[in-house]
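J.:
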Amino acid sequence: MSQRHHANRISVPGSQSYAARRPILVTPKRKPERVVVLYNESGENVTPKPLNPDIFAGRERQISVHEFSERADISRMSENSAMYLSKSQSTVKFKHDLDKQGAAISVQYKGSLQSSASDAYLDIFVADEDGRTDDASIGTTGGAKALFKMKKTPTSISLILSETSTFFLLDLTSCTELKDTDEGTLVEQDNERYEYLTVGKGKHRKIVQAEVQTMPMVLKTRNTSYEKTKTQVGSAFVSVYDMYDTFQVAKEDSEAEEDESADEIEDGNVKLDDSGSVESFKLSLDEKCMSKLMKNAKFLEACIVMERLLANNCYNEQQKVFIGLSDPDPFRENIQYKYRLKLLWTFANTDTTGRSVNSCDWNPQNRDILAVGYGKFYFHDNITGLVLIWNIKNPVQPERKYVFPKPVTALQFSRGTPVLLAVGFYNGSVKVLNISSRETMIIGENVPTFEPCWNIIWQYGRNERKNEELVTVTFDDGRICAYSVQRKLEMSQLMRVGKADGKLKGYDAMKKCTNLTIPVSRYSSALIVRLHPLDPSIYFVGTNEGTIHKCSLNYLSQHLDVFLAHEGSVHELKFSPFFKQIFATCGDDWHTRIWAEGIPEPVLTISGMQSVQGLDWSPTHSTILVVIRAQNIEVWDVQRKVYGAQSITPSPTGTRNTVVQFTESGRCLIVGDTDGDVHVFSLEDMPFIPFFQENLLSDSLARVLVTNPQVLANIRKLRRASKEHRMT
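All residue numbers for the sequence shown refer to UniProt numbering, where the first residue is 1 and numbers rise by one.
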């Protein structure tokens, strides 16, 4: 007897095993399906896989009524038991697919038994899938069928728990692989193939049209009755004048209604204080009309024209001198060269009092328009910023006024779009204004960097931005940034100037004492930036340490050359309008120096006893330049003498001068001071304009450099190179 099954089976001749004849798990027979294999153009197998691989697995089969009768006969043939089967019997066969473990068993359970004996027996046995057991067959008498001997139900059952192999309920494969591995190579090939099929040339590959079955849309047609619309054909003639009059009357009626509603609102008494200490007031009709009239744009334009006419009565002669209608007779007698400055007028009003003139620029399209930026000159000043647009036709009042909460430090008009004005502020913000609007219209604005902006210029970009005008700005932390004109200015850093160490080229500065303190910053403050007049990709940057860095747009974050120009801050750098390789600088060390490109030492040095705040070359005389030194305006002519100025003119207000600039014609000069005044001077008793400006400047410098033959040879070589460049 088998210990595992706890059951004996008697084989009867002529009988068949019921389990073998009636298998519990039946796999339904199905017709073999045709296997279709798909290949692409590259010969790869692209056959889709089934979504459910167990769709054709074995299914459980329920016991029918006929099988129940056969099983009942078998149970009645037991000779050792008085059990009989009186109720329904069902057999459930469970199958657990253990392909991974390599074993599959079937469990057959027999229940719902009832016996007349005192003990109930339960027959539990385990059979293989073919219905056979491992018990020895026992012969029986003829006619008897399979007989099973029952055992008592055990009082205790021992269960053994064992650990099964680990199986995963959820497995998410990684989508990344290491680049230098075989898996990474396969992923790259898969990505390339995906790009080829979706974006590359493979997107336009040959495809095959295929049909697909879709769910039909059920439609229903309904009809309804509707009364026919009666129409009538008619015609009429209306002239253009009739339409104009009709719309004009409607417009006047709407304006009248708006005026009446506004009058009703304004006519009501407005009580200023509930306590009654101040009596209520009511605007008069004249005051209401004036308030409405002052908001009319056409009325404001008419006021500007009227102010220009009134100013012409007072400044007619001065305006003629400014535009060149009253030039002195060149054939007059007793001609003397005195280099005098004659004051024409002063741009100032109550708004500019107490504000320093930090920057000014003439409009490149209309030379009668001057933009002036007002801010603070001393560090402890606490004032707001102001931008005024002046016109020489009205020297009394500005035509545009823009107020800002922070002091203005620099501004400049766009050369490509003269209506745009770039303005820099003390808090590091940069704004692009449209001066065509009377109100403050900001075209673009950057994100403030909390470092003062010291200088602004417009320049064209490089490569893909060669047709786009950019705003180049210098900051106190040494950064030179370029902004594209849009609502939020897009910044790109061009350069950041660092502190110069070691022995520098330039003038021979005095040796400094050893400084053992740790510097606060590793970078110098970028105060000015100027473009090279011949090569637009080259620009020069002046710092607060007196050094000048020569940089290029093609080499970011590094300079081409650096030299020491002044013992202190560099306030201005201007190229000669006639000799493009000659430029002048001024600084806090009381000196004004003239330099030649490629020559490491200064060509000419002009000294004084006060710091030089600004300078400018004359656009009509190559040897004349004007410098501002404290309250004085000095006119120098290197053709005449270099040991002293030709004329010294004190400021009309006696305040410190901050900016100086020539007009395009060279007849007039504007000077701004720390009190908010912009003085317009005319140059009187000036020499005649020479014919060969470049030759005159080079010859004048050659006379100064007689004692320095090495520098003189370099100047002559530079002059020949300039002529060759001009000829090409």
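Idealized CB from N, CA, C, for every residue including glycine.
If you're wondering where the values come from, they're calculated on a predicted model, not measured in any experiment.
1) Does DSSP classify A584 as helix, strand or coil?
2) For M609, which residues of its own chain have a beta-carbon under 7 Å away from its beta-carbon, when the five flanking residues on both sides are left out?
3) Would you identify the three-state DSSP class for F299, choosing helix, strand or coil?
4) Rounded C-beta distance between F377 and T658? I'm assuming under 8 Å.
5) Do you know how far the Cα of V638 is from the Cα of K574?
6) Please name the residue or residues paired with Y378 in a DSSP beta bridge.
7) With a floor of 3 residues, list each beta strand (DSSP E) that falls wholly inside the segment 331-370, ordered by position along the chain.
8) Quick one: grab the DSSP three-state call for Q610.
9) What is the DSSP secondary structure of C314, counted as helix, strand or coil?
10) Let me know if K710 comes out buried or exposed under the rule of 16 or more other beta-carbons within 10 Å of its beta-carbon.
11) By the three-class DSSP mapping on this structure, what secondary structure does C175 have?
12) Would you mind working out which of T592, E597, P600, Q631 sits nearest W617, comparing C-alpha positions?
13) Which of the three DSSP states, helix, strand or coil, is assigned to Q493?
14) Please list the terminal residues of the continuous beta strand (DSSP E) segment that includes Y460.
15) Ignore the nearest five residues each way along the sequence and tell me which others in H549's own chain have a CB closer than 6 Å to its CB.
16) Note the first and the last residue of the continuous alpha helix (DSSP H) segment covering G542.
17) Can we say the segment 343-358 touches the segment 662-676, given the rule of at least three CB pairs closer than 8 Å?
18) Using the beta-carbon count (16 or more within 10 Å), is Y483 buried or exposed?
19) Determine the extent of the beta strand (DSSP E) in which Y483 is found, giving its start and end residues.
20) Please go through the same chain and pick out, in chain order, the residues whose beta-carbon is closer than 7 Å to the beta-carbon of R640, but skip the five residues on each side of it.
21) How would you call I715, buried or exposed, if buried means at least 16 neighbouring beta carbons within 10 angstroms?
22) Report yes if the CB atom of P418 is closer than 8 Å to the CB atom of G385, and no otherwise.
23) Between which two residues does the beta strand (DSSP E) carrying Q631 extend?
24) Hey, quick one: how far does the beta strand (DSSP E) through E572 stretch, first residue to last?
25) What is the DSSP secondary structure of I323, counted as helix, strand or coil?
26) Just the C-alpha distance for L370 and W362, rounded to the nearest angstrom, thanks.
27) Let me check understanding here. Comparing Cα to Cα, which of T472, N467, G444, P448 lies closest to I457?
28) I'd like to confirm the pairing. Which residues does DSSP put opposite L433 in its beta bridges?
29) Which partner residues of N391 appear in the DSSP bridge assignment?
30) By DSSP, does N657 sit in helix, in strand, or in coil?
31) Just curious, the beta strand (DSSP E) that S414 is in, first and last residue?
32) Quick check on the burial criterion: 16 or more other C-beta atoms within 10 angstroms. Buried or exposed for S275?
33) Cα separation between E451 and N382?
34) If you follow the alpha helix (DSSP H) that H725 is in, where does it begin and where does it stop?
35) Below 8 Å on the Cβ atoms is my contact criterion, and I expect L470 with G478 to pass it. Report the Cβ-Cβ distance as a whole number of Å.
T.: According to the structure shown:
1) strand
2) W590
3) helix
4) 6 Å
5) 16 Å
6) Answer is none; Y378 lacks a bridge partner.
7) 340-347, 356-362
8) coil
9) helix
10) At residue 710 the sequence reads Gln, which differs from the Lys that was named. Per the 10 Å Cβ criterion, exposed.
11) C175 falls in the coil class under three-state DSSP.
12) Taking W617 as reference, the option from T592, E597, P600, Q631 with the minimal CA-CA separation is T592.
13) strand
14) Y460 -> beta strand (DSSP E) spans 453-460.
15) V497, V541, H559, V562
16) Segment 538-543 is the beta strand (DSSP E) holding G542; no alpha helix (DSSP H) there.
17) yes
18) buried
19) 479-484
20) Q646
21) buried
22) no
23) Note, Q631: premise wrong, no beta strand (DSSP E); not H, not E.
24) 570-575
25) helix
26) 5 Å
27) T472
28) According to DSSP, which records beta bridges pairwise, L433 is partnered with L421, I442.
29) I369, N394
30) strand
31) Taken as a continuous stretch (DSSP letters only), S414 belongs to no beta strand (DSSP E), as it is neither H nor E.
32) At S275 the pLDDT is 43, less than 50, meaning the model places this residue with poor confidence and gives no usable figure here.
33) 16 Å
34) 709-727
35) Not confirmed; about 19 Å, so no contact.
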